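Encoded as structure tokens, the structure appears first; notes follow it.
2 protein chains.
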Amino acid sequence: MTDTALMTDRYELTMIDAAMRSGTAFRPSAFEVFARRLPGARRYGVVAGTGRFLERLAEFRFGDAELAFLREHEVVSPELLDWLAGYRFAGDIRGYAEGEAYFPGSPILVVEGSFAEAVVLETVALSVLNYDSAVANAATRMARAAKGRPVAEMGSRRASEESAIAAARAAYIAGFRATSNLAAGARWGIPTMGTAAHSFTLLHDSEAEAFQAQIDTLGVGTTLLVDTYDIEQGIRTAIEVAGPKLGGIRLDSGDLDEVAAEARALLDSLGATETRITVTSDLDEYAIAALQASPVDAYGVGTSVVTGSGAPAAGMVYKLVARQGDDGEWVGVGKRSEDKASRPGEKVAVRTLEGGIAVEETVLVTDDPHVLEQAATRGRALQVPLVERGEIQERWLGPAGVELARERHTASIDELPAEAHRLARGEPAIPTVFR
Amino acid sequence: MTDTALMTDRYELTMIDAAMRSGTAFRPSAFEVFARRLPGARRYGVVAGTGRFLERLAEFRFGDAELAFLREHEVVSPELLDWLAGYRFAGDIRGYAEGEAYFPGSPILVVEGSFAEAVVLETVALSVLNYDSAVANAATRMARAAKGRPVAEMGSRRASEESAIAAARAAYIAGFRATSNLAAGARWGIPTMGTAAHSFTLLHDSEAEAFQAQIDTLGVGTTLLVDTYDIEQGIRTAIEVAGPKLGGIRLDSGDLDEVAAEARALLDSLGATETRITVTSDLDEYAIAALQASPVDAYGVGTSVVTGSGAPAAGMVYKLVARQGDDGEWVGVGKRSEDKASRPGEKVAVRTLEGGIAVEETVLVTDDPHVLEQAATRGRALQVPLVERGEIQERWLGPAGVELARERHTASIDELPAEAHRLARGEPAIPTVFR
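Here the protein sequences line up with chains F and R, keeping their order. According to UniProt numbering, the first sequence is numbered sequentially starting from 1. According to UniProt numbering, the second sequence is numbered sequentially starting from 1.
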């Protein structure tokens, strides 16, 4: 069952039901997705998941199975069931382009429609954006710490099976080069990689037989995993079997800094000076940074990237910021509770640049019809149209959307000041200013 | 695309390809899922995801779309494509019943089949078990810390959209009472809950109008969210509108200990002595334990449960532990690398009890044909048949399987010594002994 429309918290439907009764369900409304802070006291965040959210939106329909469930469990009234049966989002959505950097308070997504049609998207929008952005937030730091050496995502087994595919996509957008996950290749066009695990060596009667079988099948350019028994012997066997033109070796255990240096020296002494070294054991952005001076050619990252490296959810929220009253006047609205207050009013955002470097995230409340024109003069506009009168903009979807997001990510982080790339906890790289 | 068969790391297929060439691909083999340690230095773990894994296994087929992708990208040889087209798992799988407690080294799942048919399940098995168990590992502590007060899962928006459904299921197995996620209700029969968010209050011209609409629709037994503006005023308005028979109020901000006490006193003073208090702001097992003396009636937990409360992946691995040689003899195999060694040989496990209390996780290597009989005399057998000659045992599937897992969880943790329920980091509650 692809029950996207039930990827929804029950209270969204009970709210619509009650609002239909009070006559407020169809008040024109605006919801905003934003983050109160950057997780893990990082210096910037990366928006990811937008394309996936739009694909979920395209299939967000209450079909017979979904309606039957809601009817049988008396979740909502018969009137609401009728309305849900015809549900199609017909409003507007604009937001930060996927791959764009964001900061606390950035209006990442603005959903305009009736209260009913917009509130029902709350859970699915946040699920997608919070997970995918958590991965991208971690991946961007790892890719940057690798300083041009390629990083591959191989954490599928440490995330639930659908998250694994989303993680591969988000990591690729944020600068990774490839993934081990075949479904991510099939769905999103992401390059896939991988050769063999320890079980392959253990299956064979000797390490040499395993290596020979791999080379016979994948060619001498393949990467051999050399640490099943003893690394030094494994490398010697690898070169004996493959010759000095072996493509690469992989190291998946031990003190990688030390092990990589020894492996490099041994490979060189065996004439395998072009054989590349990939390391893959429990890496995160800090471990990658610490290996900067080591003779490592490529990294494979698993658990830490798919779990957001200590911040497994990006902490974005979906808040009603404005709605019309019965008099047709727009009213900015926001919670006043002490630790979770929200800022009323629909917003647009520009990144203010000086000499090509970002200096401020400028957020303007759109209570003035000319604010958009004013905004354009202040810097680079950050919101793009995603859905117009219910029509999803195609260019953000599928593999093409992923490539667009990857390009946006590169351009966006190149614009950030140098402090943005410090790994230590700290303040956002630029301030968010509400003007 | 429900491409379960591509929820697979590329190297699994390249290994089969190379093993077909070396003539080892169809050696009878046994893979084992186990965890080297308990994440977060907890006292026990909870197996979750088994039923979901079996449902994924049932649909694990390389169809036209999957084969076309593999062919176009030249991932594997034409011979392997032919084999994949006919792939059906025809082996045996036994394992810990879903909901069972586990410890370091527990042989949670044993997959027996040819190398090829078993290795290809590595990623999907680990993805499901690692995520679902991470959630259950967190949820069991929260449910226990709540000491009988009901706990509901409401973290869908903090997990990716399919993980959210799996999380609701795992939390329910581990003792939660309900979820906000409608899809979890539809797919797995889990009770759903939820009434209204702050946006519902903000949509209306006054808090009183919002409360009135909710009561008109959901009845006076509903739960009103009272902290949109001012909690004291919110509670007064709630009782004015609903009368003293109001079912409940929800508090989602502030110092919950203090706020709950003030709310209880105010409700009592207004005659609403039976009105229940639900709290829902950033709770985890420690916060729940700290609210033990507070007049709280129910908890709602979001981020921390769906992200494993600091341990977002359970750290289980899938290792080849035994395989036949060409002579038909079984050989126990294991990695020897220093930090990731694995213990060779197929295993069975029993929980050794004294006076009904667990004292040891006893793991026996099955190199002796009588070991299973011996095991039965030592304690409670932990592995149950899940798949027999390719046939998935129905009782673990669907909503019925979830209820069975929930019962197993209760029985299993009731058997653990009292130390098991300490929240502080420490050693596993019982030792794992290999005999």
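Idealized CB from N, CA, C, for every residue including glycine. These numbers come from a predicted model, not from an experiment.
Quick one: list the residues of chain F neighbouring residue i, beta-carbon separation under 7 Å, in chain order.
{"i": "Leu218 of chain R", "result": "Thr14 and Ala18"}
{"i": "Asn130 of chain R", "result": "Arg157 and Arg158"}
{"i": "His204 of chain R", "result": "Ser22 and Thr24"}
{"i": "Arg27 of chain R", "result": "Leu203"}
{"i": "Ser127 of chain R", "result": "Ser156, Arg157, Ala159, Ser160, Glu161 and Ala164"}
{"i": "Val124 of chain R", "result": "Glu161"}
For residue i versus residue j, is the C-beta distance shorter than 7 Å?
{"i": "Ile235 of chain R", "j": "Val226 of chain R", "result": "yes"}
{"i": "Val301 of chain F", "j": "Leu283 of chain F", "result": "yes"}
{"i": "Phe176 of chain F", "j": "Glu153 of chain F", "result": "yes"}
{"i": "Pro107 of chain F", "j": "Ala349 of chain F", "result": "yes"}
{"i": "Leu251 of chain F", "j": "Val279 of chain F", "result": "yes"}
{"i": "Leu382 of chain R", "j": "Val371 of chain R", "result": "no"}
{"i": "Ala170 of chain F", "j": "Val135 of chain F", "result": "yes"}
{"i": "Gly99 of chain F", "j": "Ala314 of chain F", "result": "no"}
{"i": "Asn130 of chain R", "j": "Met7 of chain R", "result": "no"}
{"i": "Thr366 of chain F", "j": "Glu346 of chain F", "result": "yes"}
{"i": "Pro295 of chain R", "j": "Ala260 of chain R", "result": "yes"}
{"i": "Arg158 of chain F", "j": "Gly194 of chain R", "result": "no"}
{"i": "Gly308 of chain R", "j": "Ala418 of chain R", "result": "no"}
Looking only at its own chain, which residues have a Cβ that is under 8 Å from the Cβ of residue i, when we skip the five neighbours before and after it?
{"i": "Met1 of chain R", "result": "Residue placement at Met1 of chain R is flagged as unreliable, the pLDDT there being 48, under the threshold of 50; the coordinate-derived value follows with that caveat. Cβ within range, chain order: Ala65."}
{"i": "Glu12 of chain R", "result": "Val119, Val120, Glu122 and Thr123"}
{"i": "Ser29 of chain R", "result": "Glu112, Gly113, Ser114, Phe115, Ala118, Val119, Leu320, Ala322, Arg323 and Gln324"}
{"i": "Gly91 of chain F", "result": "Val111, Glu112, Gly113, Ser114, Glu117, Ala118, Val387, Arg389 and Gly390"}
{"i": "Lys335 of chain F", "result": "Lys319, Ala341 and Ser342"}
Does the ligand GTP have a heavy atom nearer than 6 Å to the CB of residue i?
{"i": "Ala35 of chain R", "result": "Questions concerning the ligand GTP fall outside what the structure shown contains, since it holds no ligand whatsoever."}
Give every residue of the same chain whose Cβ lies closer than 7 Å to the Cβ of residue i, excluding the five residues on either side of it in the sequence, and list them in chain order.
{"i": "Ala238 of chain F", "result": "Phe211, Leu224, Val226, Leu246 and Ile249"}
{"i": "residue 442 of chain R", "result": "Look at the range of chain R in this structure, 1 to 435, and you will see that residue 442 of chain R is not part of it."}
{"i": "residue 443 of chain R", "result": "There is no way to answer for residue 443 of chain R, as the model of chain R reaches only from 1 to 435."}
{"i": "Tyr286 of chain R", "result": "Leu423"}
{"i": "Leu397 of chain R", "result": "Gly51, Leu54 and Glu55"}
{"i": "Met15 of chain R", "result": "Val119"}
{"i": "Arg187 of chain R", "result": "Ile165"}
In chain order, what residues of the same chain have a beta carbon less than 6 Å from the beta carbon of residue i, not counting five sequence neighbours either side?
{"i": "Phe60 of chain F", "result": "Thr4 and Ala5"}
{"i": "Ala358 of chain F", "result": "Arg351, Glu415, Leu416 and Ile430"}
{"i": "Leu84 of chain R", "result": "Phe62"}
{"i": "Ser304 of chain F", "result": "Asp284"}
{"i": "Pro150 of chain R", "result": "Arg177 and Ala298"}
{"i": "Gly189 of chain R", "result": "Pro399"}
{"i": "Glu354 of chain F", "result": "none"}
What is the C-beta distance between residue i and residue j, in whole angstroms, given that I count them as a contact (C-beta under 8 Å)?
{"i": "Leu54 of chain F", "j": "Gly45 of chain F", "result": "About 20 Å; that fails the 8 Å criterion."}
{"i": "Val47 of chain F", "j": "Tyr87 of chain F", "result": "Val47 of chain F to Tyr87 of chain F, Cβ: 26 Å. No contact."}
{"i": "Tyr229 of chain F", "j": "Glu262 of chain F", "result": "With 8 Å as the limit, Tyr229 of chain F and Glu262 of chain F do not qualify as a contact, their Cβ atoms being about 16 Å apart."}
{"i": "residue 482 of chain F", "j": "Ala41 of chain F", "result": "For chain F, the structure presents residues 1 to 435; residue 482 of chain F sits outside this window and is missing."}
{"i": "Ser22 of chain R", "j": "Ala213 of chain F", "result": "3 Å"}
So which residues on chain R does residue i lean against when the C-beta distance must stay under 7 Å?
{"i": "Pro312 of chain F", "result": "Thr307 and Pro312"}
{"i": "Phe60 of chain F", "result": "Here the premise fails: no neighbours, minimum Cβ distance about 11 Å."}
{"i": "Leu81 of chain F", "result": "The premise fails here: Leu81 of chain F is roughly 13 Å from chain R at the closest Cβ pair, so nothing lies under 7 Å."}
{"i": "Leu109 of chain F", "result": "Those within 7 Å of Leu109 of chain F in chain R number zero; the least Cβ separation is about 13 Å."}
Mind pulling the chain R residues with CB within less than 8 Å of residue i?
{"i": "Met193 of chain F", "result": "Arg10"}
{"i": "Arg21 of chain F", "result": "Ala213, Asp216 and Thr217"}
{"i": "His73 of chain F", "result": "Gly185 and Thr192"}
{"i": "Met142 of chain F", "result": "Here the premise fails: no neighbours, minimum Cβ distance about 17 Å."}
{"i": "Phe69 of chain F", "result": "Leu182, Gly185 and Ala186"}
In chain F, what lies closer than 8 Å to residue i by C-beta?
{"i": "Leu319 of chain R", "result": "The sequence as given places Lys at residue 319 of chain R; Leu does not occur at that position. Correct list: His198 and Ser199."}
Does any residue of chain C bring its CB to less than 7 Å from the CB of residue i?
{"i": "Val135 of chain R", "result": "In the displayed structure, chain C is absent; the protein chains listed are F and R."}
Strictly below 9 Å CB to CB, what residues from chain F border residue i?
{"i": "Phe115 of chain R", "result": "Ser199, Phe200 and Leu203"}
{"i": "Leu6 of chain R", "result": "Ile165, Asn181, Leu182, Ala183, Ala184, Gly185, Ala186 and Arg187"}
Using a cut-off of 9 Å between C-beta atoms, extract the partners of residue i located in chain R.
{"i": "Gly209 of chain F", "result": "For the sequence presented, residue 209 of chain F should be read as Glu rather than Gly. Simply Ser22 and Thr24."}
Query raised in the report: Just by C-beta distance, which residues in the segment 151 to 169 of chain F are closer than 8 Å to chain R?
Result: Residues of the segment 151 to 169 of chain F with a Cβ closer than 8 Å to any Cβ of chain R, in chain order: Met154, Ser156, Arg157, Arg158, Ala159, Ser160, Glu161, Glu162, Ser163, Ala164, Ile165 and Ala166.
Query raised in the report: Listed in chain order, which residues of the segment 227 to 243 of chain R have Cβ atoms closer than 8 Å to some Cβ of chain F?
Result: Listed by position, the residues of the segment 227 to 243 of chain R near chain F (Cβ gap below 8 Å) are Asp227, Thr228, Tyr229, Asp230 and Ile231.
Query - Residues, ordered as in the chain, of the segment 256 to 281 of chain F that lie near chain R by beta-carbon distance below 9 Å - result: Considering only beta carbons, the part of the segment 256 to 281 of chain F lying closer than 9 Å to chain R consists of Ser281, in chain order.
Query raised in the report: Which residues, in chain order, does the segment 169 to 193 of chain F contribute to contact with chain R at a C-beta distance below 7 Å?
Result: Listed by position, the residues of the segment 169 to 193 of chain F near chain R (Cβ gap below 7 Å) are Ser180, Asn181, Leu182, Ala183, Gly185, Ala186, Arg187, Thr192 and Met193.
Requested in this report: Give, in chain order, every residue of the segment 32 to 61 of chain R whose Cβ lies closer than 8 Å to some Cβ of chain F.
Outcome: Cβ contacts with chain F come from Arg56.
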